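Novice: Chains as they are written, first to last, in the working numbering: chain A, 1 to 470; chain B, 1001 to 1470.
Every residue, glycine too, gets a C-beta built ideally from N, C-alpha and C.
Computed from a prediction, not measured in an experiment: that's the story for all the values here.
Got a structure for you, questions after.
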């Protein structure tokens, strides 16, 4: 966020002629963009513009580069670290107008689409081909937004993150040039890997205008299991063994007893309030049967109990509704409050210790913070429920969140497994990588966007950026 | 390669004091570095230096940056596109002195090692832990070299390439700063993805001094199958179905009839000289049994015949010896000649058409060029056997190789699936990506290495680099 009193205004009226009056400056419409799904807040943007083609993206980028007006690419607005706020003013570039699914190559299991396509619409469109795009961050995010934040979620343990599932990108750079970072081959060793450089770059290096995605077959057979344990240690031990034996589970999610309690209240059910794993199996009949028998043996041996199986689509929907409502369920524990979501990810050998230490810290500070995790990857979230109007509580919450981040980094983990840096984790970035590495990032940013017009103020603070741009 | 007559000499004598006389300038020792495993040749380097620590790498980088002396990181010298030649003179930085395996985290299935460790030594070291590093480019390359070229090879169809198996890197940048691009978490969304930016950057952005690798369990059960087909089309159709059904085969390699003939001569065996697939299965008993029964059904239905199974280690070694000797077998067809190796990779729906068109082109030009392929990824190599002393033949060979590359790019594929650009495919890079994208690469290179001391002349020609460095 810009400092109080910083002037973030830019004159955008000159752009109206170029885009036939489509530059929206109506204050009531712009207010929507001063908050996001998290508790972050930003200044009022100068304008909103929805491009209809890559050519229009080029045009607006060129004029903004010339006039030094910030551009903030915007998808479904579901990011959690203030990525889409107009920290330095400028124009919100609403990419949802670019929402064409351009081609599906079923034989090669890939597709090309525009960034404004949401993952649920893509999957509906794909259904008849027998293929799917399994990356599932929970929210119905746009594909462009998922590229920007390197999204992952529940299915990453089997299918990987966006990093493993984007074959190529088209993007408009700050100078208005259009780059294509790859083609449709399944692998390449040609030149610098700009595809991965753009994934997770949070709109700071280029505006993504087309995405080539890797697709997967819809599994012949899907089954899901819920079971509980007497302790977090038992549950996580089971996860570690399952991962070590390379059982290709599609999802393996953890809910601590506080989260089970919250979900019980929210969903009106009465699951046993113990640390719980929800596991999903994908494959053909033989494969799922083998995965299930091996997993069940491990889970039983480690004290898993209260098994509940979900086979039909309806049963599975019910089981996963429980998990997917974890965030509103946490919020529901204390109406009128917001949730600060942590996102650490650690080597799985340290996962149990990390979760337990976080739970103790939460308790010691008398906070309300249920925990859920994509534990197959070592990634978990504490949903810290906080009264954002209570300054003292906000301060304490920030401190505990920072403490958790430091703990994860100390354990050789990362501050953010899947949400990104945005404006919320800029200090953590430096802590995690050290200043030399962040300096290298700033130099690349400066080389690709010398006037800092592409989502400025994200990933790096203005102070860091100006000190290290080289 | 530098232009004839270009002066590539640098004064390196001043460095002797700093490194206690360890800068090797003995011409007979330097001659070794004027050629590589391919037919590429380069000028004599100015010197050879083997650093013993990251600190020594920092020291030599700093002095070379100050004196503008090129540095060429060197591993096992097994690259195929002239990556390790001293195109602009300078110092060969022999990284094999940094060959420590620092730690193996068996529970997390990862390890940290120095870049000079070779993959075979790493796998010997890992054996007792039940883990392995499966990326196998054929040659016993160093891990650092494999990072530099984004190596892959036979197992990539199941385990991915270096891009999917490097968790983090430590590297020394041109300014002497040491960066760490990640930690040991299985995923991260923190900041720019410098790990992937360095993988495949061919030593042009930084000198890799430490690698954190993802490991995999040694499969409980391994079986391999060889079978032949009446036509290339039948063999590739079988591959396409196997990949579409997501049968997790560990290897699926193709040899055309010419290559089978060459291997028969070289290995002194008499396999049927038809297009052949070699397939390997990894898993537990149930998994491999399921994979084998599904694969066999597909292969039989598509006309596969002459099945030969390999179960014991010895049988498998024998089966794979056939494939791993493909290159010397091709060379053996015409003693005294060299081999120009193409490396295209296309979407698998276009693979058969691509291979058949290449075979026809080879035939039309009366050339000797057996074909082998990592066909599960759509990647194949034509081993064009050529008399490098015959200028006319060399010219024709170059033209046919370029024709193949253009064909692959036209089919939405890449000029290089796994060998990289080096000095051999610089024109193809521009053809594949277009000038805007290559310009963006040059800008990043210039931002990270402003005096172009890190492996200059690779990936981009000096002309392209000076035109587009920004």
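At a Cβ threshold of 8 Å, is residue 1108 of chain B touching chain A?
Specialist: Cβ-Cβ to chain A under 8 Å: yes for residue 1108 of chain B.
Novice: CB residue 1510 of chain B to CB residue 1174 of chain B, shorter than 8 Å?
Specialist: Since the first and last residues shown for chain B are 1001 and 1470, residue 1510 of chain B lies out of range.
Novice: Check residue 1293 of chain B in the structure and name its three-state DSSP category.
Specialist: Of the three classes helix, strand and coil, the one that applies to residue 1293 of chain B here is helix, per DSSP.
Novice: Tell me, please, whether the CB atom of residue 418 of chain A is closer than 8 Å to any CB atom in chain B?
Specialist: Yes, contact with chain B.
Novice: What did DSSP end up calling residue 1226 of chain B once you bin it into helix, strand or coil?
Specialist: Looking at residue 1226 of chain B - three-state DSSP - the assignment turns out to be strand.
Novice: Is the beta carbon of residue 1444 of chain B sitting closer than 8 Å to the one on residue 1071 of chain B?
Specialist: No, these two residues do not count as a Cβ contact at 8 Å.
Novice: Please check if any C-beta of chain A sits within less than 8 Å of the C-beta of residue 1146 of chain B.
Specialist: It does not; no Cβ of chain A falls within 8 Å.
Novice: DSSP three-state call for residue 1435 of chain B: helix, strand or coil?
Specialist: Correct three-state label for residue 1435 of chain B: helix.
Novice: So, is residue 314 of chain A buried or exposed, given that buried needs 16 or more other C-beta atoms within 10 angstroms?
Specialist: Residue 314 of chain A should be labelled exposed.
Novice: If you reduce the DSSP assignment to three classes, tell me which class residue 1325 of chain B lands in.
Specialist: Three-state DSSP puts residue 1325 of chain B in coil, outside helix and strand.
Novice: At a CB-CB cut-off below 8 Å, which residues of chain B make contact with residue 217 of chain A?
Specialist: Residues of chain B passing the Cβ test: 1244, 1245 and 1246.
Novice: If you measure beta-carbon to beta-carbon, which residues of the region 1434-1467 of chain B are closer than 8 Å to chain A?
Specialist: Within the region 1434-1467 of chain B, the residues whose Cβ lies closer than 8 Å to some Cβ of chain A are 1434, 1436, 1437, 1438, 1439, 1440, 1441, 1443, 1444, 1445, 1446, 1447, 1448 and 1459, listed in chain order.
Novice: Please list, in chain order, the residues of the region 1182-1214 of chain B that have any C-beta partner in chain A closer than 7 Å.
Specialist: Going along the region 1182-1214 of chain B in chain order, one finds 1183, 1184, 1185, 1186, 1187, 1188, 1189, 1190, 1191, 1192, 1193, 1194, 1196, 1197, 1199, 1200 and 1201 with a Cβ nearer than 7 Å to chain A.
Novice: Applying a beta-carbon distance threshold of less than 8 Å, which residues of chain B neighbour residue 345 of chain A?
Specialist: Here the neighbours are 1185, 1186, 1187 and 1188.
Novice: Would you please state the rounded distance, in angstroms, between the beta carbons of residue 165 of chain A and residue 122 of chain A? I believe it to be under 8 Å.
Specialist: Not quite, the Cβ-Cβ distance comes to about 12 Å (not below 8 Å), so this is no contact.
Novice: As a quick exercise: from A/242, A/436 and A/331, pick the residue whose alpha carbon is nearest that of residue 261 of chain A.
Specialist: The option with the nearest alpha carbon to residue 261 of chain A is A/331.
Novice: Is residue 105 of chain A close to chain B? Criterion is C-beta to C-beta, closer than 8 Å.
Specialist: With 8 Å as the cut-off, residue 105 of chain A counts as an interface residue toward chain B.
Novice: Can you pull the chain A residues whose beta carbon is under 7 Å from the beta carbon of residue 1178 of chain B, in chain order?
Specialist: Ordered by position in chain A, the residues that pass the 7 Å Cβ test against residue 1178 of chain B are 436.
Novice: Within 10 angstroms of its Cβ, does residue 456 of chain A collect 16 or more other Cβ (buried), or is it exposed?
Specialist: Classification of residue 456 of chain A: buried, given that the 10 Å Cβ count is 16 or more.
Novice: Between which two residues does the beta strand (DSSP E) harbouring residue 1093 of chain B extend?
Specialist: Taken as a continuous stretch (DSSP letters only), the beta strand (DSSP E) holding residue 1093 of chain B covers 1091-1094.
Novice: Please state whether the Cβ-Cβ distance between residue 1142 of chain B and residue 1171 of chain B is less than 8 Å.
Specialist: No, they are not a contact pair.
Novice: In whole angstroms, give me the CA-to-CA distance for residue 79 of chain A and residue 308 of chain A.
Specialist: The straight-line gap from Cα to Cα measures roughly 33 Å.
Novice: Does the region 326-341 of chain A touch the region 247-267 of chain A, meaning 3 or more C-beta pairs lie closer than 8 Å?
Specialist: Cβ pair count under 8 Å is three or more, so yes.
Novice: Could you give the distance in angstroms between the alpha-carbon of residue 1344 of chain B and the alpha-carbon of residue 195 of chain A?
Specialist: If I take the Cα positions, the gap works out to 19 Å.
Novice: For residue 470 of chain A, which residues in chain B fall below 8 Å Cβ to Cβ?
Specialist: Per Cβ cutoff of 8 Å: 1447.
Novice: In terms of residue numbering, what span does the beta strand (DSSP E) encompassing residue 63 of chain A cover?
Specialist: Element bounds for residue 63 of chain A: not the beta strand (DSSP E) but the alpha helix (DSSP H), 54-67.
Novice: Is there at least one Cβ from chain B nearer than 8 Å to residue 379 of chain A's Cβ?
Specialist: With 8 Å as the cut-off, residue 379 of chain A counts as an interface residue toward chain B.
Novice: Under 8 Å, with one C-beta from each stretch per pair, do the region 1424-1443 of chain B and the region 1364-1381 of chain B reach the 3-pair mark?
Specialist: As far as the Cβ criterion goes, the region 1424-1443 of chain B does not touch the region 1364-1381 of chain B, which means the pair count is below three.
Novice: Give the DSSP-derived three-state secondary structure of residue 1458 of chain B in the structure shown.
Specialist: Coil at residue 1458 of chain B, not helix or strand.
Novice: Would you check if the region 1151-1167 of chain B and the region 1127-1141 of chain B touch, i.e. whether three or more CB-CB distances between them fall below 8 Å?
Specialist: Segments in contact, yes.
Novice: Taking the DSSP output, what are the residues bridged to residue 1212 of chain B?
Specialist: Answer by DSSP bridge pairing, in chain order: B/1112 and B/1168.
Novice: Relative to the C-alpha of residue 1008 of chain B, which residue among B/1089, B/1149 and B/1243 is closest?
Specialist: Out of B/1089, B/1149 and B/1243, B/1089 has the C-alpha closest to the C-alpha of residue 1008 of chain B.
Novice: Would you mind giving the Cβ-Cβ distance between residue 1400 of chain B and residue 1431 of chain B, rounded to the nearest angstrom? I have them listed as a contact below 8 Å.
Specialist: Not really, about 16 Å apart at Cβ, beyond 8 Å.
Novice: Write down the C-beta distance between residue 1247 of chain B and residue 1291 of chain B rounded to the nearest angstrom, noting that I regard them as a contact closer than 8 Å.
Specialist: Going by Cβ atoms, the distance from residue 1247 of chain B to residue 1291 of chain B rounds to 5 Å, so yes, they are a contact pair.
Novice: Examine chain A for any beta-carbon lying closer than 8 Å to the beta-carbon of residue 1290 of chain B, and answer yes or no.
Specialist: Yes - at least one Cβ of chain A is within 8 Å of the one on residue 1290 of chain B.
Novice: Contact criterion: CB-CB distance below 8 Å. Does residue 1152 of chain B meet it with respect to chain A?
Specialist: At least one chain A Cβ lies under 8 Å of residue 1152 of chain B.
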